[in-house]
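Counting along the sequence shown from 1, when you hit position 69 you're at 69 in the UniProt record's numbering, and nothing is skipped either side.
Where a beta carbon is used, it is the ideal one built from N, C-alpha and C, also for glycine.
Report on the structure given below.
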Amino acid sequence: MKVEFLREKYPKFVYQKYSYQISGKNLEIFFDFKIEPNLKFRSKIIIENINQNLPRWNLGKIDNLVFHLGLMEIPSYWKATCSPIIEVEAGKLNKEQIKWWEDLIIKGMGQFFYQNKINFRQPNFLKIRSLGRFDLRKADTGPTCDRYLVPFAGGRDSIVTLENLKKKGETALFLVNPNEQIKKVVKVTGIKKQIIVRRTIDKKLLELNKKGYLNGHTPFTAVLSFLSVLCAVLFDYKNIVFSNEKSADEGNLKYLGKMINHQWAKSSEFEKMFKKYCKKFLVKNINYFSYLRKYGELEISKMFIKY
């Protein structure tokens, strides 16, 4: 379908609410979205084996982190129609935060805009409005244990990061929807502590994709970043260590006069943006960084061979 038709038919995307509950050993999180006039979605995230950490937490203290996780789920659903207005009812954002989120969508969705030939530079392409009545505060206490949480996908880069950190202190793997291949690599690493997250996309979105609604790249590393902060707080890990390397800063093409980088959420620009936002609005004492930032592919390959 044509983007102009979709934007006119579906003028507004609404982040209605978030909710969460303990179910057995797990924390279940839900996000409700609506694209006016008639599309509704419910996104679900499960963080496994959270019950062991409940004595440390009054769960109400994580509301702001959960709310922000819902904000980061927006691009996956918004992209179906590219509605010109995003309204946030689930919580309150100030002007600085609204600007940050508008920048994230424009920069993080660059590859998607290029693939679908969308003019993201047109006037009034995207406006975020905050309608939430409750001002959610950042966590007043954060992680205290100086140990490492490593997002792990089983590839060369994350293996190099993991092997180096194992020498420095206690390390846990952060796994989102791990498949059998990743589980095999995890077993080889010998790391026993694993924080596992199940992220489920509403099937109704997949049905829209089949009908010709817009689809394409979203900044998944940004999703992992917000998820990892929530897990670091819940499981008490002060350091979140990604494996993004130097080449992630390189754009791959120009579109509408702007450099498009399909790895933008892995770039040093996003890393700096996120660290600043996290400290100001989420939790102050998280150390979020990429272990391989200064290395190129050849250097990382040489390190990988050692393992």
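Those residues which DSSP pairs with residue i across a bridge
i: S76; result: Bridge partners of S76: none, in fact.
i: M259; result: K254
i: F31; result: Y18 and S43
i: Y148; result: T171 and N239
i: F289; result: V241
i: F281; result: Its beta-bridge partners do not exist; DSSP assigns none.
i: R129; result: E87
i: S23; result: N26
i: I272; result: According to the sequence provided, residue 272 is Lys. The question's Ile does not apply to it. Beta-bridge pairing links K272 to no other residue.
i: E36; result: K12
Residue i vs residue j beta-carbon contact at 8 Å
i: K138; j: N64; result: yes
i: I159; j: F304; result: yes
i: I201; j: S76; result: yes
i: I196; j: F235; result: no
i: F220; j: A265; result: yes
i: L104; j: L227; result: no
i: L149; j: C231; result: yes
i: V223; j: L282; result: no
i: P143; j: I286; result: yes
i: A80; j: Y15; result: no
i: Y18; j: I35; result: no
i: E73; j: F30; result: no
Where residue i falls, given that 16 or more other Cβ within 10 Å makes a residue buried
i: D135; result: exposed
i: E245; result: buried
i: I22; result: exposed
i: V66; result: buried
i: D146; result: exposed
i: Q97; result: buried
i: K192; result: exposed
i: P178; result: buried
i: L206; result: exposed
i: M1; result: exposed
i: E4; result: exposed
Beta carbon proximity, residue i to chain B, threshold 8 Å
i: K204; result: Protein chain content of the structure displayed is limited to a single chain, and chain B is not contained in it.
Residue i: CB within 7 Å of a non-hydrogen atom of the ligand SAH
i: K167; result: In the structure shown, the ligand SAH is absent, as is every other ligand, since no ligand is present at all.
Q: Flag this pair as touching only if the stretch 119–134 and the stretch 150–159 have three or more C-beta atom pairs under 8 Å; answer yes or no.
A: Between the stretch 119–134 and the stretch 150–159 there are fewer than three inter-stretch CB-CB distances shorter than 8 Å, so the stretches are not counted as touching.
Q) Are the stretch 203–216 and the stretch 246–258 touching, with three or more C-beta to C-beta distances below 8 Å? A) Not touching, per the Cβ criterion.
Q: Counting only runs of 4+ residues fully inside the stretch 174–202, write out the alpha helix (DSSP H) ranges in chain order.
A: Within the stretch 174–202, the complete alpha helix (DSSP H) segments at least 4 residues long are 180–189, listed from N- to C-terminus.
Q) Do the stretch 120–127 and the stretch 85–102 meet, that is, are 3 or more Cβ pairs less than 8 Å apart? A) These segments touch.
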